[in-house]
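Engineer: For the sequence shown, the numbering used here gives the first residue as 39, with consecutive numbering after it. Backbone N, C-alpha and C define an ideal beta-carbon position, used for all residues, glycine too. I have a structure here, written as structure tokens, and I will follow up with some questions on it.
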Amino acid sequence: MALYITLLLLSLITPLVSSLSTFSISETSDRTIICALTAYSTNRRAYSLNCTSPDFTVNPSASFSGIVSGDGFLCSLTTLSSSSSSIIHCGRLSAAAAGMIYKRIYKGPALHQLEAGNSHICGLVNGTNHLQCWQWPEFNSNSTQYNFTSIAVGEDFLCGLSQTGKITCLGTGNTRRSTSVTSPDLVRSRSFSVISAGFRHVCAIKDSDTGLVCWGKVDGGNWEEIVDGEVPQGNFTGVALGHNRSCALRDIGTVVCWGQNNFTLPTALQGTSFLSIEAKTSVFCGVSTSDFSLYCWGSEAFKVSNFKVFDQILPGPCTTGTCPCNELPGSGPFCNEGESVCLPCYRKTPPSVTPPTLPPQQPPPPQGESSSGGWNGKMVALLVVGCVGSLSWVMVSAYFLYRYCRGRGCRVHDSGRLDESGGSQSEHDRENPQPQPPTPVLEKRLSQLASMGNVGHLEEFALQVLLEITNNFSEDHKIGTGSFGSVYQATLEDGRQVAIKRAEISNISSTAIVTKRQEDKDNAFLNELESLSRLHHRNLVRLLGFCEDYNELVLVYEFMSNGSLHDHLHSLESSPLMSWPKRIKVALDAARGIEYLHEYAVPTIIHRDIKSSNILLDATWTAKVSDFGLSLMGPSDDESHLSLRAAGTFGYMDPEYYRLQKLTTKSDVYGFGVVLLEMLSGYRAIHKNENGGTEKCG
């Protein structure tokens, strides 16, 4: 997560027209990337984030309220339906890497506006109008006492609009702290309704006659009004500013542009009516009122597609309640029932919109028609008896199903080897298992991982290479077992020491059991591949590559030369970890790795099998969390837990998860607590008591 934003707004008292943007512009060192929210369903509020660069992809199931971008970063904001809070995730758009690594930069009270300049991001908290900024350490937003209702962010400054229409600008410049920026006298003496900021200049729409006033930074750092001859005259509802170029939206929907090198709107777009416009550096984009298509200009590259970038996007944020100044015609298919896209209150008349085509609806069944002329007493009696009988059958079935699950179906599974010996099978079959083609589910998920760019930095090893360096996976190279198979030590041709985890080939004759084992094996393999391919932390074991060749599933890791914490606590007669400082260091390392999974990974990762044997030590005695075969993505931000059957290792498992099947990040914390108790007491998590029975540690 490295920068990623949008703004949220949801007033709890009165309907609030959001200034959230549903499209954004970002520039990297070698390209301009346009992103927009497009609705992929007409019956629920769910949007897909699409970008013009295929290299940068996001979770297609994620739901966003809005997006915003800057130089080389993209941010998205999600509104939690169950609470009045917002979450902002950001990602760095790097030309050198395929895909983005996202980081959560904010989770807190709902925001009613969030804006991004080229580098900085600022937002206003709903209700209090408290100003918050990110990616701007020099700017101390807590020191500002201004009650802004709207803000605009520039290069190293921001301007805010008060409830009375007055504008105040703040900046940092070279002072390393926030200071007041002096605006021209003409600006301080007037009231305004809209404000926008570019790289080094600002424009605002006057409250009195909806005309434009613009001012900018000149040589020496002073701010001066831009003369009227350089600013278009007329009535306006919106304005977008770039670097030495500007565009404004007239009250009739058309756009006028001006700026350096005689910048103007392309001739092909001069008759087009727009709902809203945005700008970043040299590029401008706007949403067409006719069909909600997104058009962009300012670069020769847009001429190829006649300036159209996306056919249809979400025209604006969906808000609840009644719109204070009418709703946008034709926007109904994009929002839930009771929600709508609102028109800005400063637009004089609703734009002419051609409503998007909706799928045909089935006509309602005719009412009051019956071949028998209606219900009679006999029919009602039969209906009641049938309903009671069906309900009784369902309740009895549910009871026996519950008893079965309690007795057999909901047992806890250890995270050891998934494939156990059993059944009758010839020695030849065990030594020479027949290769099985990969399952469709495995192929599909591998394809999804590849398309998301998550495995692009991993090496795909040839099976023959792995067979050679492990001597056909001989017992001499075997050093242990993991969540889905055996682990082997080997040396690659380039001299790197690696640990190779191989899923065991099933020795069970039953087809049904083999299928279940194969599914478990596939899931464990994909969980580790999916988790570790996008997680990068010094306290997580690093995945180097993988191999998928028919029924062979292999993962290749960095080799942890000092073994597991479990070995040093319970198996070795002498160990450097006998000292308390070393044990505390190992505990802190493991805690940092777990914290990264819970707090900084997006989405959150729940390991589900934290134990001393899954904490490994490298050559420098740095502890790293390993074995992600049972890991799961955590609950969404508006849910408290996951409900699923318990899995893990007995002795380390959270009792609440074991009994109630409610999985949260606290389940990992419980397991880590058992590990700490092992380190303090020297006991195993499960140890024999004086009578020969077993007891849990502590």
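In this structure, how does DSSP classify R534 when only helix, strand and coil are distinguished?
Structural biologist: In the sequence shown, residue 534 corresponds to position 496, counting from 1. The answer is coil: DSSP assigns R534 none of H, G, I, E or B.
Engineer: Which runs of the beta strand (DSSP E) spanning at least 3 residues fall entirely within the segment 144 to 205, listed in chain order?
Structural biologist: Complete beta strand (DSSP E) runs here, min 3: 149 to 154, 159 to 163, 169 to 172, 186 to 191, 195 to 200.
Engineer: So, do the segment 652 to 663 and the segment 691 to 698 have three or more beta carbon pairs nearer to each other than 8 angstroms?
Structural biologist: Taking 8 angstroms as the limit for Cβ pairs, the verdict is that the segment 691 to 698 does not touch the segment 652 to 663.
Engineer: Can you grab the Cα-Cα spacing for the pair G254 / R580, in whole Å?
Structural biologist: Residue mapping note: residue 254 aligns to position 216 of the sequence shown, counting from 1. Residue mapping note: residue 580 aligns to position 542 of the sequence shown, counting from 1. Their backbone Cα atoms lie some 50 angstroms apart in a straight line.
Engineer: Taking only the alpha-carbon atoms, compute the straight-line gap between Y184 and C197 and give it to the nearest angstrom.
Structural biologist: Indexing the sequence shown from 1 puts residue 184 at position 146. Indexing the sequence shown from 1 puts residue 197 at position 159. Straight-line Cα distance between these residues: approximately 11 angstroms.
Engineer: Taking the continuous alpha helix (DSSP H) assigned at Q527, which residues delimit it?
Structural biologist: For the purposes of this step, residue 527 is taken as residue 489 along the sequence shown, with counting starting at 1. Run containing Q527: none in the alpha helix (DSSP H); it sits in the beta strand (DSSP E), 523 to 529.
Engineer: With a threshold of 16 other CB atoms inside 10 Å of the CB of T166, please say whether the residue is buried or exposed.
Structural biologist: As a working note, residue 166 is residue 128 in the sequence shown. By the neighbour-count rule (16 or more Cβ atoms within 10 Å), T166 is not buried but exposed.
Engineer: Can you check which of these residues, C160, G146, T210, is closest to E176 by C-alpha distance?
Structural biologist: Translated into positions along the sequence shown, residue 176 becomes position 138. Nearest C-alpha to E176: T210.
Engineer: With a threshold of 16 other CB atoms inside 10 Å of the CB of V293, please say whether the residue is buried or exposed.
Structural biologist: By one-based count along the sequence shown, residue 293 stands at place 255. By the neighbour-count rule (16 or more Cβ atoms within 10 Å), V293 is buried.
Engineer: To the nearest angstrom, how far is it from the Cα of S524 to the Cα of F195?
Structural biologist: On the sequence shown, position 486 is the one that residue 524 refers to. On the sequence shown, position 157 is the one that residue 195 refers to. The alpha-carbon atoms of S524 and F195 are separated by roughly 58 angstroms.
Engineer: For H606, does the three-state DSSP call read helix, strand or coil?
Structural biologist: Indexing the sequence shown from 1 puts residue 606 at position 568. Three-state result, H606: helix.
Engineer: So what's R69 in DSSP terms, helix, strand or just coil?
Structural biologist: Within the sequence shown, the letter at position 31 stands for residue 69. Here R69 sits in coil by DSSP.
Engineer: Sort I205, L303, M616 by Cα distance to L224 and report the nearest one.
Structural biologist: Numbered from its first residue, the sequence shown carries residue 224 at position 186. Closest option to L224, Cα to Cα, is I205.
Engineer: Measure the C-alpha to C-alpha separation of V663 and F584 and round it to an integer number of angstroms.
Structural biologist: As a position in the sequence shown, residue 663 is number 625, starting the count at 1. As a position in the sequence shown, residue 584 is number 546, starting the count at 1. Spanning the two alpha carbons is a distance of roughly 19 angstroms.
Engineer: For Q170, which residues in the same chain have their Cβ closer than 6 angstroms to its Cβ, ignoring the five residues on either side in sequence?
Structural biologist: As a working note, residue 170 is residue 132 in the sequence shown. For Q170, where only same-chain residues beyond five positions count, the Cβ hits under 6 angstroms are G161, S179.
Engineer: Do you know how far the Cα of S107 is from the Cα of S611?
Structural biologist: On the sequence shown, position 573 is the one that residue 611 refers to. On the sequence shown, position 69 is the one that residue 107 refers to. Checking the displayed sequence, the identity of residue 611 turns out to be Glu instead of Ser. For E611 and S107, the distance between alpha carbons rounds to 57 angstroms.
Engineer: For the pair the segment 353 to 367 and the segment 335 to 343, tell me if three or more CB-CB distances fall below 8 angstroms.
Structural biologist: Flag = no, the segment 353 to 367 and the segment 335 to 343 do not touch.
Engineer: Which residues does DSSP pair with W261 in a beta bridge?
Structural biologist: Counting from one through the sequence shown, the residue named residue 261 turns up at place 223. For W261, which the question treats as bridged, DSSP gives the partners K255.
Engineer: Near D245, which residues of its chain fall below 8 angstroms by C-beta distance, leaving aside the five closest residues on each side in sequence?
Structural biologist: Start at 1 with the first residue of the sequence shown, and residue 245 comes out as number 207. So the qualifying residues of the chain are G203, R228, S229, F230, S231.
Engineer: Got a sec? Which residues, its chain only, sit under 6 angstroms from L718 by beta carbon, not counting five neighbours each side?
Structural biologist: Locating residue 718 in the sequence shown gives position 680, counting from the first residue. So the list is empty, once near-sequence residues are dropped.
Engineer: What's the gap between the Cα of L504 and the Cα of M616?
Structural biologist: On the sequence shown, residue 504 is found 466 positions in, with the first residue counted as 1. On the sequence shown, residue 616 is found 578 positions in, with the first residue counted as 1. L504 and M616: Cα-Cα distance of roughly 36 angstroms.
Engineer: Closer than 8 angstroms by C-beta to L303: which residues in its own chain qualify, once you throw out the five before and the five after it? Chain order, please.
Structural biologist: Along the sequence shown, one-based indexing puts residue 303 at 265. Excluding positions up to five away in sequence, the list reads C285, V293, V294, C295, W335.
Engineer: Would a C-beta distance cut-off of 8 angstroms place L626 and E716 closer than the cut-off?
Structural biologist: Against the sequence shown, residue 626 aligns to sequence position 588. Against the sequence shown, residue 716 aligns to sequence position 678. In this structure, E716 does not lie closer than 8 angstroms to L626 by Cβ.
Engineer: Taking C-alpha atoms, which residue in I63, R142, P362, I105 lies nearest to P641?
Structural biologist: In the sequence shown, counting from the first residue as 1, residue 641 sits at position 603. Here the closest residue by C-alpha is R142.
Engineer: Any idea what DSSP makes of L366, helix, strand or coil?
Structural biologist: Working through the sequence shown from its first residue, we reach residue 366 at position 328. Coil, per DSSP.
Engineer: Return the CA-CA distance between P382 and S650, expressed in angstroms with no decimal places.
Structural biologist: Taking the first residue of the sequence shown as 1, we reach residue 382 at position 344. Taking the first residue of the sequence shown as 1, we reach residue 650 at position 612. The straight-line gap from Cα to Cα measures roughly 59 angstroms.
Engineer: Between the Cα of G297 and the Cα atoms of C207, L313, G155, T319, which residue gives the shortest distance?
Structural biologist: The residue you call residue 297 lines up with position 259 of the sequence shown. Of the candidates C207, L313, G155, T319, the one whose C-alpha sits nearest the C-alpha of G297 is T319.
Engineer: The beta strand (DSSP E) spanning R130 covers which residue range?
Structural biologist: In the sequence shown, the residue the question calls residue 130 occupies position 92. Taken as a continuous stretch (DSSP letters only), the beta strand (DSSP E) holding R130 covers 123 to 130.
Engineer: Three Cβ pairs or more, each shorter than 8 angstroms: is that satisfied between the segment 268 to 286 and the segment 233 to 249?
Structural biologist: The answer is yes - the segment 233 to 249 touches the segment 268 to 286, with three or more Cβ pairs under 8 angstroms.
Engineer: Residue range of the alpha helix (DSSP H) that I632 falls in?
Structural biologist: By 1-based counting over the sequence shown, the position of residue 632 is 594. Its alpha helix (DSSP H) spans residues 618 to 633.
Engineer: Find out if the Cβ-Cβ distance for the pair L332, F348 is shorter than 8 angstroms.
Structural biologist: Mapped onto the sequence shown, residue 332 falls at position 294. Mapped onto the sequence shown, residue 348 falls at position 310. Taking 8 angstroms as the Cβ cut-off, L332 and F348 qualify as a contacting pair.
Engineer: According to DSSP, simplified to helix, strand and coil, what is Q298?
Structural biologist: Mapped onto the sequence shown, residue 298 falls at position 260. In this structure, Q298 counts as coil in the three-state DSSP scheme.
Engineer: Let me check understanding here. Comparing Cα to Cα, which of T70, L118, A537 lies closest to G110?
Structural biologist: By 1-based counting over the sequence shown, the position of residue 110 is 72. Taking only the C-alpha atoms, the option nearest G110 is T70.
Engineer: Report the three-state DSSP secondary structure of A306 (helix, strand or coil).
Structural biologist: To locate residue 306, count along the sequence shown from 1; it is residue 268. Looking at A306 - three-state DSSP - the assignment turns out to be helix.
Engineer: Could you give the DSSP three-state label for A639: helix, strand or coil?
Structural biologist: On the sequence shown, position 601 is the one that residue 639 refers to. DSSP places A639 in coil when its eight states are reduced to three.
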